[in-house]
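Shown next, in structure tokens, is the structure this report addresses.
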Amino acid sequence: MLVEDYKIVSQNLICYHCGEECPDDNIRIGDKLFCCNGCKTVYELLEANDLCNYYSIDSNPGVNKKNEIKKNFDFLDDPELKEKLIDFTDGKISTVTFSVPQMHCSSCIWILENLYKMDEGIIHSEADFLKKSVSVKYNEEKTSLKNVVLLLDSIGYEPDLNLAEKELEKSEMLNKKLWYKIGVAGFAAGNIMLFSFPEYLASSSVSLDEIRPIFKYLNILFALPVLFYSASDYFVSAYKGLKKKIVNVDVPISLGIGVLFLRSLYEIFTHTGAGYLDSMTALVFFLIVGKMFQNKTYAAMNFERNYKSYFPIAVTIVKNNKETTKPVEKLKTGERIVIKNGELIPADSILINGKAYIDYSFVTGESNPVEKINGDMIYAGGRQTGGAIEVETIKDVSQSYLTQLWNNKVFKKDDESKIDAFVNVVSKYFTFVIISIAVVAALYWLPKSTTFAFNALTSVLIIACPCALALSTPFTLGSTLRIFGKNNFYIKSTHVIEKLAEITSIVFDKTGTITETGNAEIKYEGESLTEYENQLVKSLVRNSSHPLSKNIFNLFKSDTVLEVKNYKEIPGEGIYAYIDGNKVQIGSRLFVTDNSDKEKSNLSTKVYLSINNKLKGFFAINNSYRKKLKEVISYLKNYYKLSILSGDNDSERERLAEYFPENTKMYFKQTPFDKLAYIEKLKNNNEKVLMIGDGLNDAGALKISNVGISIAENINNFSPACDGILDSKSFGKLNSFIKFSKTSKNIVIISFVISFFYNVIGLSFAVRGILSPVISAILMPLSSISVVVFTTLTTNLIAKKRRLL
Amino acid sequence: MSVILVLIGFSTFVALMFLGAYLWSVKTGQYKDNYTPSVRILFDSEVVKKKEKNKSNDGRN
Chain A
109 MLVEDYKIVS
119 QNLICYHCGE
129 ECPDDNIRIG
139 DKLFCCNGCK
149 TVYELLEAND
159 LCNYYSIDSN
169 PGVNKKNEIK
179 KNFDFLDDPE
189 LKEKLIDFTD
199 GKISTVTFSV
209 PQMHCSSCIW
219 ILENLYKMDE
229 GIIHSEADFL
239 KKSVSVKYNE
249 EKTSLKNVVL
259 LLDSIGYEPD
269 LNLAEKELEK
279 SEMLNKKLWY
289 KIGVAGFAAG
299 NIMLFSFPEY
309 LASSSVSLDE
319 IRPIFKYLNI
329 LFALPVLFYS
339 ASDYFVSAYK
349 GLKKKIVNVD
359 VPISLGIGVL
369 FLRSLYEIFT
379 HTGAGYLDSM
389 TALVFFLIVG
399 KMFQNKTYAA
409 MNFERNYKSY
419 FPIAVTIVKN
429 NKETTKPVEK
439 LKTGERIVIK
449 NGELIPADSI
459 LINGKAYIDY
469 SFVTGESNPV
479 EKINGDMIYA
489 GGRQTGGAIE
499 VETIKDVSQS
509 YLTQLWNNKV
519 FKKDDESKID
529 AFVNVVSKYF
539 TFVIISIAVV
549 AALYWLPKST
559 TFAFNALTSV
569 LIIACPCALA
579 LSTPFTLGST
589 LRIFGKNNFY
599 IKSTHVIEKL
609 AEITSIVFDK
619 TGTITETGNA
629 EIKYEGESLT
639 EYENQLVKSL
649 VRNSSHPLSK
659 NIFNLFKSDT
669 VLEVKNYKEI
679 PGEGIYAYID
689 GNKVQIGSRL
699 FVTDNSDKEK
709 SNLSTKVYLS
719 INNKLKGFFA
729 INNSYRKKLK
739 EVISYLKNYY
749 KLSILSGDND
759 SERERLAEYF
769 PENTKMYFKQ
779 TPFDKLAYIE
789 KLKNNNEKVL
799 MIGDGLNDAG
809 ALKISNVGIS
819 IAENINNFSP
829 ACDGILDSKS
839 FGKLNSFIKF
849 SKTSKNIVII
859 SFVISFFYNV
869 IGLSFAVRGI
879 LSPVISAILM
889 PLSSISVVVF
899 TTLTTNLIAK
909 KRRLL
Chain B
20 MSVILVLIGF
30 STFVALMFLG
40 AYLWSVKTGQ
50 YKDNYTPSVR
60 ILFDSEVVKK
70 KEKNKSNDGR
80 N
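Those sequence lines, one after another, are chains A and B.
For the first sequence, my numbering puts the final residue at 913, and the numbers step up evenly by one.
For the second sequence, my numbering puts the final residue at 80, and the numbers step up evenly by one.
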């Protein structure tokens, strides 16, 4: 009864700081409850600085401090490292920008912009919510980089210190340039349209004729910056394409723009007409708007990563019994380093001292931590769980097993994918057809009149400018990108959608991809245990820091702790102790029963229990699969070849077979290199491969596949280099995403047909040499706008129908 | 008709001013982050309220 009462109460115990459930009401200040001392400390700190407003903007805004690992930031005093992290300094005042992935609500912005109230050395701080970053300006004389980081850490916003993040600034610069170009093009297009207005009205009056030439010359003046600045990207891209003997979509566009301008100049200076400058500037304006639409980026996410962004930027070194910190890049072989709980091993090393339970899930996918004894080799990329250990490095960071993955040639290859973009394939034929029509029309008119032939030639090139063609892709795929983003599927560029529509084969990683991380299902099988026996087991595992023990500990609800005597832990075998006079043993079958016919398979996922030398049963540890796995697979298996690559042992083969079709290829105990090689093999068999993975162990495979999607529990945390990041909550929608990418491609094709239809109308005027500026000024924007409206509307309507919006 | 020329000159000048203002706004990063300011503007009023509270506390002391 007592236990039940406690449960009901516990549902109402919400931490005032982070909003998570509190285990009990022991930690409190007045009527405010806290789930852990970490949260309480943050509250006290904020209260002392009169910053409790934090809690009134959003309720329970804090970041949970329960699983916090005490970190050492001493390395931030290293001048060389400091220089790399700081944006700007004049010796007194420094500015630094931190990435703060924990930022999630208005209260976060508020507290991060009020840092100056807690440290008087901080002059100013500004948060950027979308990028999840905060830039801090501080006085070097009153505080230091280390103090600023410590302050952020103490209030729960530990900055993600990383040396490999400089690309964001680059994309920002490009984005700014595009805004400038839109401004110039829009400005010119609007004004030229106004000045061209008298031309649209066919009536001529004497007074109007006087100023018409002035309007025309003004138009040329306005069109110049559009041609040379706003449209410059198209000319450059067309030139680069032609140099590589590729006719991309920018070739007909540049041709169209160029001819428009030259013909207008000719008409204006020979006083034979008004030119088409209005059409030209409007066209460039539309094209850049389309580009802008396509260039949506998820600024807070980093799709390109190398091994450096996984490793800590500094390590603790032991030398002559003294601990110092050192940037990881300067780490040499033969040095002793201390790895604390939760830290990553930066280089291949040998264990010298301490209890090592290395979690290699990051590298191999193997979900259970591996125990190591002194003298064992530990590979880089493993994560220590448990107490601190001391290791001696035997290889440089850059020479370690894991980092060699990045030296693989696939990581050096440039992304040449743009060439095979659908629009470029079409434009190749389009350009040749248009040029032939223009030449034929010119040849037809040439015997009759040279002027007419010239008119027909230029008119065809002008009207056939594939403006609608160029706009349909960015608008359709841009909308799709946004729709995916709303469903927590973030894609690097619109280009990935096209490639996603073409895949033929899907490869899944197992651990963390189709299984849920940190949610192992533990089941006890065997003789049922009494309440007293439950207490015995719980009291025993309480003493062990082995992760499996922790899992078993959490299985039992019992609260009473019994006194444990003669506790012994034998690495790699198990634990035992005398509790209340009973001998309790937990471990491998051999350890528990002294029975030599041990079961080899499933050893790693079964832990046996015996009490007073009597075998009671075992704890089976199974990974739980993602909730909608069955639905996703039952759809995908009809269309794609499926494979599973797992770093784990094959103990789950049978369970997986329940979900996947018979012809699924399953490979177990795969190293990162095996995975990479498998994908390469598929690609050589002309398969277009979609790789879905999560950890560092999939990094190579994700990179080399046609589309690599990384699954993340927390999208703001790191994920390996990939083309897209899928929030694990949206895993069930995976089939919808793939289906929708195909739909988008079809929409693009339909809009191509529409734009061809406009071209036929336009060409019918052009070949007869009677294309007037008015027709061009109406037809060209009309075709662009109707294509944009069509693609945007259909994409959104279909998304709504499929419940993606 | 010369009055139209004057007007055209003037309107072009005004238009150029707007273009300049736009380019300046891009340059100073006003398009960089278009979310956080919308949250930030709501904080200011909170801070003012708090200051008033502090003042009244001071008065009591």
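By construction, the Cβ of each residue, glycine as well, lies at the ideal position given by its N, Cα and C atoms.
All values reported here derive from a predicted model rather than from experimental measurement.
For Val355 of chain A, the three-state secondary structure derived from DSSP is coil. Against chain B, a Cβ distance below 8 Å from Gly291 of chain A picks out Leu38, Tyr41, Leu42 and Val45. Contact check for Ile396 of chain A against Ser457 of chain A fails: the beta carbons are separated by 9 Å or more. In terms of Cα proximity to Phe661 of chain A, the closest of A:Ser613, A:Lys631, A:Leu154 and A:Asn793 is A:Lys631. At least one beta carbon of chain B lies nearer than 9 Å to the beta carbon of Ala235 of chain A. In the three-state scheme derived from DSSP, where H, G and I count as helix and E and B as strand, Pro435 of chain A is classed as strand. Looking only at A:Leu723, A:Glu762, A:Pro769 and A:Lys722, the smallest Cα-Cα distance to Glu739 of chain A is reached by A:Pro769. Between the region 32-52 of chain B and the region 232-248 of chain A, the count of C-beta pairs closer than 8 Å reaches three or more; the two stretches touch. Note that the C-beta distance between Glu500 of chain A and Ile445 of chain A is below 9 Å. Secondary structure at Glu280 of chain A: helix, using DSSP grouped into helix, strand and coil. Distances from the CA of Ser732 of chain A to each of A:Leu764, A:Asn721, A:Phe597 and A:Lys724 were compared; the closest alpha carbon is that of A:Leu764. Residues of chain B with a Cβ closer than 7 Å to the Cβ of Tyr288 of chain A are, in chain order, Leu42 and Val45. Around the Cβ of Trp553 of chain A, a 10 Å sphere holds 16 or more other Cβ atoms; the residue is buried.
Pairing Val797 of chain A with Pro780 of chain A, the inter-Cα distance amounts to about 17 Å. Listed along the chain, the chain A residues whose CB falls inside 7 Å of the CB of Val58 of chain B are Ser214, Ile217 and Phe237. Distances from the CA of Val895 of chain A to each of A:Ile361, A:Cys147, A:Lys240 and A:Leu577 were compared; the closest alpha carbon is that of A:Leu577.
Proximity of chain B to Glu155 of chain A at the Cβ level (cut-off 7 Å) is not reached, the minimal Cβ distance being about 14 Å. Met799 of chain A: member of the beta strand (DSSP E) spanning Val797 to Gly801, first to last residue. For Gly832 of chain A, the secondary structure class from DSSP, reduced to helix, strand or coil, is strand.
Exclusion of the five residues before and after Tyr337 of chain A leaves Lys289 and Val292 as the residues of its chain whose Cβ lies within less than 7 Å of its Cβ.
The three-state secondary structure of Tyr748 of chain A, taken from DSSP, is coil. Contact residues of the region 744-763 of chain A toward chain B are absent (C-beta to C-beta distance below 7 Å). Here Met799 of chain A is buried. Its C-beta has 16 or more other C-beta atoms within 10 Å. Lys245 of chain A is bridged by DSSP to A:Thr203 and A:His232. With 16 or more other Cβ atoms inside 10 Å of its own Cβ, Met388 of chain A counts as buried. Taking the Cβ atoms as the reference, Asn563 of chain A lies roughly 26 Å from Val357 of chain A, outside the contact range of under 8 Å. In its chain, beyond the 5 residues on either side, Asp358, Val359 and Ser362 have a beta carbon closer than 6 Å to the beta carbon of Ala346 of chain A.
Assignment of Asn674 of chain A by DSSP, reduced to helix, strand and coil, places it in the strand class. For Phe62 of chain B, a Cβ of chain A is located within less than 9 Å of the residue's own Cβ. Short of 8 Å from the beta carbon of Phe142 of chain A, and not among the five residues preceding or following it, lie these beta carbons of its own chain, in chain order: Cys123, Tyr124, His125, Cys130, Ile135, Arg136, Lys148 and Tyr151. One finds Ile319 and Ile322 in chain A with Cβ atoms closer than 8 Å to the Cβ of Leu24 of chain B, taken in chain order. With a threshold of 9 Å between beta carbons, Leu326 of chain A makes contact with chain B. Residue environment analysis places Pro582 of chain A among the buried positions, since at least 16 neighbouring C-beta atoms fall within 10 angstroms of its C-beta. One Cα belongs to Asp166 of chain A, the other to Leu737 of chain A, and the distance between them is close to 35 Å.
For Leu159 of chain A, there is no enclosing alpha helix (DSSP H), as DSSP gives it neither H nor E. Taking the Cα of Leu332 of chain A as reference, the smallest distance to any Cα among A:Asp185, A:Leu302 and A:Asp386 is reached at A:Asp386.
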